[in-house]
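One structure is given here, and the rest of the page talks about it.
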Amino acid sequence: MVRFIAVAFVVLFLVACAKGTPENPIFPAGASVTPLQQPAYVGIGRYYKLAETTAAQSFGGVSFVSFIEVQQNPDATVIQGDASGFLYALKGPHNVYWDDGEHKQAWAEGGAGWVNPGVSHVNLTQSMTTWYLVTFRPVAQRASTPLLSGGRTLYASPDLPAAPPGKQLVHQLGIIAMDPGGRTSAHSHSGAEVFYVMQGTVELAVNNGTRTKLTAGQGAAIRPGLVMQLNVVGGDAVQILTYFATPEGEPWQTNLQTLP
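Quick note on numbering: the sequence shown equals residues 1 to 260 in this note's numbering.
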């Protein structure tokens, strides 16, 4: 009798719980109540492409990438030096004016776009804004005059190998976002990747045998063809701003079924 009452109570409880509630969830066809474990080479995270442009190479030989931060006062103007790159509006909106006095472009907070040398970055708001300029430059410019007045270099990559001559480059800027326990897929790129950790801590594993822990405020560069994977370390979410320079016609990324 006691067993009958217990069974009846369970049946009554399940009937009483509407479908779609935590107690009686709805699963799509073929789904398991217990999530299947993913192989270690499969990514657990998200990638957001912010901006992309394809352009002829403006220089040859060895290059480097730098991430420059500007905290810009209200009504202030900053003129960009002799380098192109991606603008990323980290905090507040952003406005750029060309030197012809006619062309302009605006981005909301979180927006990004390719900007050319000589443009004016103008803060039209009544608050301080923060933005990044991510540039791909010849190595000879390492010791040149600062590219942006008041700018602060957050990270500059080591020397990067020369891109194949005669090919245009596809420049891409994106955000990698991962929660605790997250990771990227094991993968390689046809071009160089350079990234800057904005939040959290990751371990960068590369198939040259290196394992490097990188925390907020640090960056790294990966040469073309190397197999790599990023794994979240610790209990904080991760946000990474990352830049790619890929020879046109070659795959941007190749996911692999082997760990670095």
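Quick reminder that beta carbons are idealized off the backbone N, C-alpha and C, glycines included.
Please state whether the Cβ-Cβ distance between VAL232 and GLY217 is less than 8 Å. To locate residue 232, count along the sequence shown from 1; it is residue 232. To locate residue 217, count along the sequence shown from 1; it is residue 217. No, Cβ-Cβ distance for VAL232 and GLY217 is not below 8 Å.
Would you check if there are 3 or more beta carbon pairs closer than 8 Å linking the stretch 105–117 to the stretch 148–165? no
Does the structure place the stretch 161–173 close enough to the stretch 48–59 that three or more beta carbon pairs sit under 8 Å? yes
Between the C-alpha atoms of SER124 and ASP75, what's the straight-line distance to the nearest angstrom? Position 124 of the sequence shown, counted from the start, is the residue given in the question as residue 124. Position 75 of the sequence shown, counted from the start, is the residue given in the question as residue 75. Note on identity: in this sequence residue 124 is Leu, with Ser being the wrong assignment. Approximately 5 Å, taken between the alpha carbons.
Just reading off the beta strand (DSSP E) that PHE136 is part of, what are its end residues? Along the sequence shown, one-based indexing puts residue 136 at 136. Its beta strand (DSSP E) spans residues 129–138.
Quick check on GLY45: buried or exposed, where buried means 16 or more other Cβ atoms within 10 Å of its Cβ? Start at 1 with the first residue of the sequence shown, and residue 45 comes out as number 45. It is buried - the Cβ of GLY45 has at least 16 other Cβ atoms within 10 Å.
Let's test the definition: count the other Cβ atoms within 10 Å of the Cβ of GLN38 and tell me whether it reaches 16, buried, or not, exposed. Along the sequence shown, read from residue 1 onward, the residue named residue 38 stands at position 38. It is exposed - the Cβ of GLN38 has fewer than 16 other Cβ atoms within 10 Å.
If you compare alpha carbons, which of GLY101, GLY191, ILE176 is closest to GLY200? In the sequence shown, the residue the question calls residue 200 occupies position 200. Selected option, being the one with the closest Cα: ILE176.
Between which two residues does the beta strand (DSSP E) harbouring ALA163 extend? Mapped onto the sequence shown, residue 163 falls at position 163. No beta strand (DSSP E) holds ALA163; DSSP gives it neither H nor E.
Just the C-alpha distance for MET228 and GLY43, rounded to the nearest angstrom, thanks. If you number the sequence shown from 1, residue 228 lands on position 228. If you number the sequence shown from 1, residue 43 lands on position 43. Near 12 Å, if we compare the C-alpha coordinates of GLY43 and MET228.
Rank ALA186, SER58, VAL62, SER190 by C-alpha distance to the C-alpha of LEU204 and give the top, closest one. Start at 1 with the first residue of the sequence shown, and residue 204 comes out as number 204. The shortest Cα separation from LEU204 among ALA186, SER58, VAL62, SER190 belongs to ALA186.
Thinking C-alpha only, which one of GLU102, ASP100, HIS103, GLN72 is nearest TYR93? Counting from 1 along the sequence shown, the entry for residue 93 is found at position 93. Residue identity differs from the one stated: residue 93 is Pro in this sequence, not Tyr. It is GLN72 whose Cα lies nearest to the Cα of PRO93.
Grouping DSSP H, G and I as helix and E and B as strand, with all else coil, what is GLN38? Working through the sequence shown from its first residue, we reach residue 38 at position 38. Coil.
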